[in-house]
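**Student:** My structure is below; once you've seen it, I'll send some questions.
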Ligand code: AMP
Ligand code: ZN
């Protein structure tokens, strides 16, 4: 399968991993939308959140736990940050491998576009 995020997780693209555990990796977004813009992904390929089987939904908590650690490390807490999971076409998802955006370092506005 030809998935860019799977390749990144396997270390094949030379993308620097800023967080790594058995099931989760994180790296900087190529086109940052905020001073801090990190992508947190499962090593396992799920095309979107909708594709995570109920008995594997704990992976989403693992992504959140990594985001929590990274937010502390990057000092975007307690100033604040935003987590985003774009899902499907109208959700704005462009890469079909589940990922959590961690955005911080500037004032976020609501609602997003
Ligand atoms: P989404 O629109 O939610 O699917 O987000 C995909 C994100 O992946 C975008 O913010 C892109 O900038 C980012 N992206 C795409 N390719 C790469 C890459 N090779 N390395 C880092 N980030 C990437
Ligand atoms: Zn993948």
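Residue numbers (our numbering): 1281 to 1393.
Where is the CB? At the ideal position from N, CA and C, for every residue including glycine.
(1) Between residue 1302 and residue 1327, what straight-line distance do the alpha-carbon atoms span, to the nearest angstrom?
(2) Hey, residue 1364 and residue 1377: beta-carbon distance below 9 Å or not?
(3) Based on Cα-Cα distance, which residue from 1368, 1314, 1292 and 1330 lies nearest to residue 1389?
(4) Assuming residue 1295 contacts residue 1354 under a Cβ cut-off of 8 Å, what Cβ separation, rounded to an integer in Å, is found between them?
(5) Are the beta-carbon atoms belonging to residue 1322 and residue 1339 less than 9 Å from one another?
(6) What is the chain-ordered set of residues for which the beta carbon lies under 5 Å from any non-hydrogen atom of the ligand AMP?
(7) State buried or exposed for residue 1347, treating a residue as buried only when at least 16 other CB atoms are found within 10 Å of its CB.
(8) Round the Cβ separation of residue 1287 and residue 1305 to the nearest angstrom and send it over; I've been treating them as touching at under 8 Å.
**Tutor:** Quick look at the numbers:
(1) Cα-Cα distance, rounded: 19 Å.
(2) no
(3) 1314
(4) With a Cβ gap of about 17 Å, residue 1295 and residue 1354 do not count as contacting.
(5) yes
(6) 1309, 1310, 1311, 1366, 1373, 1374 and 1375
(7) The residue is buried, with at least 16 neighbouring Cβ atoms inside 10 Å.
(8) At roughly 11 Å, the Cβ-Cβ gap does not stay under 8 Å, so residue 1287 and residue 1305 are not in contact.
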